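The structure under discussion appears below in the form of structure tokens.
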Amino acid sequence: MKKLDIGGQRRETIIEYFTNLERMIDVIDRGTHNMEIQYLGCSVIIEEERTTSIGSVVIPRVNITFEGDIETECGMIEAFRLNFLSMGG
21 MKKLDIGGQR RETIIEYFTN LERMIDVIDR GTHNMEIQYL GCSVIIEEER TTSIGSVVIP
81 RVNITFEGDI ETECGMIEAF RLNFLSMGG
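Using this note's numbering, read the sequence shown as starting at 21 and increasing by one per residue.
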């Protein structure tokens with residue numbers, strides 16, 4: 021299991037990215053504002069958005085947890101990081 025703390029991206033943008041992946045099997049609302057998206061070999065849990073303030077600037081933050089077999093987990097994290105780092109997140 022690996023956990024990422026993502027700053028600068030809205031939760032909706034992150035959910036949209038993961039729900040548009042080809043290997044998605046199911047989306048489960050955990051009822052506590054956490055969403056689990058299941059894939060072949062891995063699950064992704066997207067937690068509720070929170071904010072951090074730096075002066076007058078408010079930055080959205082979201083924790084994302086990857087659970088599954090290590091190979092699939094690492095591949096999904098790498099693809100996610102490449103996508104969002106290229107967007108400036």
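Ideal Cβ positions, reconstructed from N, Cα and C, are used throughout, including at glycine. Just so it is clear, the structure is predicted and the values come from calculations on it, not from any experiment.
How is residue i classed by DSSP in three states: helix, strand or coil?
{"i": "N54", "result": "coil"}
{"i": "N103", "result": "helix"}
{"i": "R31", "result": "helix"}
{"i": "G95", "result": "helix"}
{"i": "E36", "result": "helix"}
Note down, in chain order, each residue of its chain lying with its Cβ closer than 6 Å to the Cβ of residue i, except the 5 sequence neighbours on either side.
{"i": "G27", "result": "I79, R81"}
I need the straight-line Cα distance from residue i to residue j, nearest angstrom please.
{"i": "L24", "j": "G88", "result": "15 Å"}
{"i": "M44", "j": "I90", "result": "17 Å"}
{"i": "I34", "j": "I66", "result": "8 Å"}
Leaving out five residues on either side along the sequence, give the residues of the same chain with a beta carbon under 7 Å from the beta carbon of residue i.
{"i": "H53", "result": "E68"}
Could you pull out every residue in the same chain whose Cβ sits closer than 8 Å to the Cβ of residue i, ignoring the five residues on either side in sequence?
{"i": "T92", "result": "Y59, L60, G61, C62"}
Classify residue i as buried or exposed, calling it buried when 16 or more other Cβ atoms lie within 10 Å of its own Cβ.
{"i": "R31", "result": "buried"}
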